[in-house]
Amino acid sequence: MKKTNSEALYSKALNYFPGGVNSPVRAFKAVEGSPLFIKKGDGAYIWDEDDNKFIDFCCSFGPLILGHNHPEVYENIVANLQNGTSYGAPTKLENTLAELILSRNPYIDKIRFVSSGTEAVMSGIRLARGYTGKNKILKFEGCYHGHVDALLVKAGSGLVTFGESSSAGVPSKVAEDTIVIPLNDLEALTACFEQHHEDLACAIIEPIPANNGLLLQEKAYLEKLRALCSKYNVLLFFDEVISGFRVAFSGAAEYYGITPDIVSYGKIIGGGLPVGAYGARAEIMQSISPDGPVYQAGTLSGNPVAMSAGIAQLTICAKEGFYEDQERRTKLMVEPINTYAKEKGYDFELYTIGSIFWLAFSKKERIRRADQINSDMTPFKNLHKALLEKGVYLGPSGYEVGFISLAHTDEIIKHAVESFYEALDECFG
Ligand SMILES: *Cc1c(COP(=O)(O)O)cnc(C)c1O
């Protein structure tokens, strides 16, 4: 595989950006080689600067549920772009996107658009604290909620621990208000609520944890979390930045039938342009400025070009049968690969939900907690390289999940399955 152009661009980029990238997960730190510089995407494919073509299962880490350059998204962006890019005043487009979402989403009455998932979560946390008048938040080990200071914390030892910052620059005072417990541990969960409920503003969780492997929780566990939040007057915050509009139109809340109090969205909502959002019942959203005392603002919030991309994308997602078909095509990929790996006795399984999949290098029991993931990422590294050489692009980390888009047709998926067979044989055979 020729990589000279990507390599030249990367060595330039190293002069400009820390690690040569504008988001750390893009650096090929966890896999072999240096990042491929992408010049074009169309449908299920991307092309790098050396004209290598790949089936793309990264899909920009989630936003592109219709694939690259979907004609309706493209056309709506261009149509609205002709009127300029930003006004700092409200537009009809914001209403349209809000109506599209709120008319189908029974969990939230009002929404506020921001420009990223991080911003959505950060604002939602402030809202939870402002509304409840309490300061502490509960998060779960292995869940990622953007680079929000209070959420860049990890668990120490013990069942219920106060957060210890896992990023330099996060004051311990900030991390102290974050309590971290492991996922899938009912005892730790109950103990935490019993001990801390008086100070807890909210419990924030990725209802489908997909940023540290795919740590699928049992529905009963999520129901228990809902029940404890209700019992102790703690807000349940579903961070649906990945799962929203991915596993169902109204995300994991709809998929599991569990009602959160605050929700954050991102990724898919913006159709590939920067949009995030948070929402809640009217009573909670009343706390947000200018109606209430919780301040939150944004120069480019509800940006008309970004709104038009989101409108076009979500209009297609809202069509009858969209999610069933996404799931059907995902199974078309996951099932034969899993059967193949099992027959050959390889330590490998694709975990899946909706149109998300994750490469688990284990035959052990179901992995539901961050600490159950094998920290040796050599098998992922090898498979990543082998797949790349066969024209299959995965995100460059074994902790990242893959995504299937509308553009991943049956035919493309069958081709990818063959590539997986060959790559697995090379790595495990
Ligand atoms: C991606 C992600 C975020 C952060 O969103 P950005 O747009 O990258 O800031 C937050 N929460 C979850 C669950 C995510 O997957």
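Letter by letter, the sequence shown follows residues 24 to 452 of our numbering. Beta carbons: idealized from backbone N, C-alpha and C, even for Gly.
1. Out of Tyr301, Pro297, Ala112, Asn158, which has the shortest C-alpha to C-alpha gap to His220?
2. Could you check which residue in Leu32, Glu441, Tyr255, Ser34 has the C-alpha nearest to that of Ala214?
3. For Leu417 and Asp314, I'd like the C-alpha separation in whole angstroms.
4. Give the straight-line distance between the Cα atoms of Ser287 and Val264, rounded to the nearest whole angstrom.
5. Within this structure, are the beta carbons of Arg391 and Leu161 separated by less than 7 Å?
6. Using DSSP with H/G/I as helix, E/B as strand and the rest coil, what is Gln218?
7. Less than 8 Å between the CB atoms is what I'm expecting for Leu251 and Leu212, so what's the real figure, rounded?
8. In terms of residue numbering, what span does the beta strand (DSSP E) encompassing Ser287 cover?
9. Note down the Cα distance separating Thr282 from Cys225, rounded to an integer number of angstroms.
10. Mind checking who Lys63 pairs with in its DSSP beta bridge?
11. Using DSSP with H/G/I as helix, E/B as strand and the rest coil, what is Leu248?
12. Can Gly295 be considered in contact with ligand 1, in the sense that its beta carbon sits closer than 6 Å to one or more heavy atoms?
13. Please report the residue range of the alpha helix (DSSP H) in which Lys115 lies.
14. Expressed to the nearest angstrom, what Euclidean distance is found between the alpha-carbon atoms of Glu122 and Lys133?
15. For Glu388, name the three-state secondary structure that DSSP assigns.
16. Ser312 to Ser146, Cα distance in whole Å?
17. Could you tell me which of Ser385, Ala393, Ala430, Gly421 sits nearest to Asn405, measuring between CA atoms?
18. Which whole-angstrom value is the C-beta distance of Asp73 and Ile61, which I expect to be below 8 Å?
19. Closer than 6 Å: is that where the CB of Thr141 sits relative to any heavy atom of ligand 1?
20. Among Arg127, Ile78, Gly302, whose alpha-carbon lies nearest the alpha-carbon of Asp433?
21. On the three-state DSSP scale, how would you describe Cys225?
22. Answer yes or no: do Ala320 and Leu296 have a C-beta to C-beta separation smaller than 7 Å?
23. Just verifying my parser: in three-state terms, what is the DSSP assignment at Tyr110?
24. Pull the bridge partners of Arg135 from the DSSP assignment, please.
25. Excluding five sequence neighbours on each side, which residues of the same chain lie with their C-beta closer than 7 Å to the C-beta of Val183?
26. Please go through the same chain and pick out, in chain order, the residues whose beta-carbon is closer than 8 Å to the beta-carbon of Glu30, but skip the five residues on each side of it.
27. Counting only the same chain and skipping the five closest in sequence on each side, list residues whose C-beta sits under 7 Å from that of Phe403.
28. For Thr155, which residues does DSSP report across the bridge?
29. Evaluate the contact criterion for the region 137-156 versus the region 349-357: three or more CB pairs, one atom per stretch, below 8 Å.
30. CB Ala446 to CB Gly299, shorter than 7 Å?
31. When the Cα of Ile231 is compared with those of Gly377, Lys196, Leu337, Leu373, which residue comes out closest?
32. Where Gly66 and Gly153 are concerned, what is the direct C-alpha to C-alpha distance, given to the nearest angstrom?
33. The alpha helix (DSSP H) that contains Ile292, what's its start and end?
34. When the Cα atoms are used, what is the spatial distance from Ala178 to Glu164?
35. Report the rounded CA-to-CA distance for Phe426 versus Glu199, giving the unit in angstroms.
On the basis of the data shown:
1. Cα-wise, what sits closest to His220 is Asn158.
2. Among Leu32, Glu441, Tyr255, Ser34, the Cα nearest to that of Ala214 is on Tyr255.
3. Note on geometry: alpha-carbon atoms of Leu417 and Asp314 lie some 44 Å from one another.
4. C-alpha separation (whole angstroms): 6 Å.
5. For Arg391 and Leu161, no; Cβs fall outside 7 Å.
6. Per DSSP, reduced to three states, the secondary structure at Gln218 is helical.
7. Your pair Leu251 and Leu212 checks out as a contact, with CB atoms roughly 7 Å apart and the cut at 8 Å.
8. Segment 285-288, the beta strand (DSSP E) holding Ser287.
9. Whole-angstrom Cα-Cα distance: 14 Å.
10. Answer is Trp70.
11. In the three-state reduction of the DSSP assignment, Leu248 falls in the helix class, which pools H, G and I.
12. Not a single heavy atom of ligand 1 lies less than 6 Å from the C-beta of Gly295.
13. Run containing Lys115: 115-125, per the alpha helix (DSSP H) assignment.
14. For Glu122 and Lys133, the distance between alpha carbons rounds to 10 Å.
15. In this structure, DSSP gives Glu388 a state outside helix and strand, which the three-state scheme calls coil.
16. Approximately 11 Å between the Cα atoms of the pair.
17. Answer by Cα proximity: Gly421.
18. Their Cβ separation, rounded to whole angstroms, is 11 Å, which puts Asp73 and Ile61 out of contact at 8 Å.
19. If you check the C-beta of Thr141 against ligand 1, you find a heavy atom less than 6 Å away.
20. Checked all of Arg127, Ile78, Gly302; the closest Cα to Asp433 is Ile78.
21. Here Cys225 sits in strand by DSSP.
22. For Ala320 and Leu296, no; Cβs fall outside 7 Å.
23. Residue state, collapsed to three classes: coil.
24. According to DSSP, Arg135 bridges with Tyr301.
25. Legend: pLDDT at Val183 = 44, less than 50; position of this residue unreliable, value from coordinates given subsequently. Around Val183: Ile202, Ile204, Ala211, Ala214, Cys215, Gln218.
26. Excluding sequence neighbours, Glu30 sits near Ser57.
27. The answer, listed in chain order, is Leu382, Phe384, Gly421.
28. Answer is none; Thr155 lacks a bridge partner.
29. The region 137-156, when compared against the region 349-357, does not touch it at the 8 Å Cβ threshold.
30. In terms of Cβ geometry, Ala446 and Gly299 do not form a close pair [threshold 7 Å].
31. Ranking the options by Cα distance to Ile231, first place goes to Gly377.
32. Inter-residue distance for Gly66 and Gly153 is about 43 Å (C-alpha atoms, whole angstroms).
33. Where Ile292 is concerned, there is no enclosing alpha helix (DSSP H), given that its DSSP letter is neither H nor E.
34. Below a pLDDT of 50, predicted positions are generally treated as unreliable, and Ala178, at 38, falls in that range; no measurement from the model is reported.
35. One C-alpha to the other measures close to 35 Å.
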